[in-house]
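Residue numbers (the working numbering), protein chains in the order written: chain A, 3 to 12; chain B, 718 to 929.
Ideal Cβ positions, reconstructed from N, Cα and C, are used throughout, including at glycine.
Small disclaimer: the values here were computed from a predicted structure and weren't measured.
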Amino acid sequence: LKPKFIKDEL
Amino acid sequence: MNIFRLLGDICHLVAIIVLLLKIWKTRSCAGISGKSQILFALVYTTRYVDLFFTYVSLYNSVMKVIFLASSYATLYLIYVKFKATYDFNHDTFRIEFLLIPCVILSLLITHDYSPVELLWTFSIYLEAVAILPQLFMVSKTGEAETITSHYLFALGAYRALYIVNWIYRYYTESFIDGIAVVAGIIQTILYADFFYLYITKVLKGKDFKLPA
Numbered sequence: 003l004k005p006k007f008i009k010d011e012l
Numbered sequence: 718m719n720i721f722r723l724l725g726d727i728c729h730l731v732a733i734i735v736l737l738l739k740i741w742k743t744r745s746c747a748g749i750s751g752k753s754q755i756l757f758a759l760v761y762t763t764r765y766v767d768l769f770f771t772y773v774s775l776y777n778s779v780m781k782v783i784f785l786a787s788s789y790a791t792l793y794l795i796y797v798k799f800k801a802t803y804d805f806n807h808d809t810f811r812i813e814f815l816l817i818p819c820v821i822l823s824l825l826i827t828h829d830y831s832p833v834e835l836l837w838t839f840s841i842y843l844e845a846v847a848i849l850p851q852l853f854m855v856s857k858t859g860e861a862e863t864i865t866s867h868y869l870f871a872l873g874a875y876r877a878l879y880i881v882n883w884i885y886r887y888y889t890e891s892f893i894d895g896i897a898v899v900a901g902i903i904q905t906i907l908y909a910d911f912f913y914l915y916i917t918k919v920l921k922g923k924d925f926k927l928p929a
């Protein structure tokens, strides 16, 4: 599964 | 940030404010599905749990607070202040049929099994179907107040603009989040027939009535 990334969207 | 996502967030904010003002000014929540509003409050609560420990930007934090505060204020208006005008006879969608599949799906398909990520994934799936009780209610009553149709249009437009934002980000930042994109497309498709009726009727000054 994809690596984590900062959720910068609302 | 890009213009599509900014416009999307503005549409989202407009939708929430329009709904709040409609209920407050008319002192009535007739035609509004309280169940959908419960689901939206749950979407924001589960998605913005990181509000207190992940700082992305002032804009991001301010908007999260506004969405959370306004969704709970709307619930208060519907279920407390103007409870007498709540049309519970027509707001009968069984939201457990939405909640349970979203919980199961977020355990099956998620980027990560950390609590915050699982809550985020759940909120993405739930948001895709949160409008169903409202659309179901409109189909049962066969009509919606014009202001309610503006609310629904803005709400549908917000996620449609987010799809454009994801296309833009894919080509400019090679950023893509499959879960958000698939759920966003499903969410927008659910508004499709409403969009058609809104554009062919409301924009021509007619009442929003479903074909009998």
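Could you have a look at residue 897 of chain B and say whether DSSP puts it in helix, strand or coil? Reduced to three states, the DSSP call for residue 897 of chain B is helix.
How would you write the range of the alpha helix (DSSP H) that residue 909 of chain B sits in, first residue to last? From DSSP, the alpha helix (DSSP H) with residue 909 of chain B extends over 909-917.
The alpha helix (DSSP H) that contains residue 778 of chain B, what's its start and end? It spans 775-793 - the alpha helix (DSSP H) in which residue 778 of chain B sits, taken as one unbroken run.
Put residue 925 of chain B into one of helix, strand or coil per three-state DSSP. In this structure, DSSP gives residue 925 of chain B an extended state, which the three-state scheme calls strand.
For a test of the three-state rule: what should DSSP assign to residue 860 of chain B, helix, strand or coil? Of the three classes helix, strand and coil, the one that applies to residue 860 of chain B here is strand, per DSSP.
Residue ranges of each alpha helix (DSSP H) within the region 802-839 of chain B, 4 or longer: Fully enclosed alpha helix (DSSP H) runs of 4 or longer: 813-825.
Run through DSSP, which three-state label would residue 844 of chain B get? Residue state, collapsed to three classes: helix.
Per DSSP, what kind of secondary structure is residue 800 of chain B in: helix, strand or coil? Residue 800 of chain B falls in the helix class under three-state DSSP.
Leaving out five residues on either side along the sequence, give the residues of the same chain with a beta carbon under 7 Å from the beta carbon of residue 763 of chain B. Answer for residue 763 of chain B: 836, 839, 840, listed in chain order.
Buried/exposed call for residue 878 of chain B, threshold 16 Cβ in 10 Å: Result: buried.
When the Cα atoms are used, what is the spatial distance from residue 722 of chain B to residue 751 of chain B? C-alpha separation (whole angstroms): 27 Å.
Among B:899, B:926, B:870, B:855, which residue has its Cα nearest to the Cα of residue 727 of chain B? For residue 727 of chain B, the closest C-alpha among the options B:899, B:926, B:870, B:855 is that of B:870.
So is residue 977 of chain B in contact with chain A if we call contact Cβ pairs under 8 Å? No answer is possible for residue 977 of chain B: it lies beyond the span of chain B, which begins at 718 and ends at 929.
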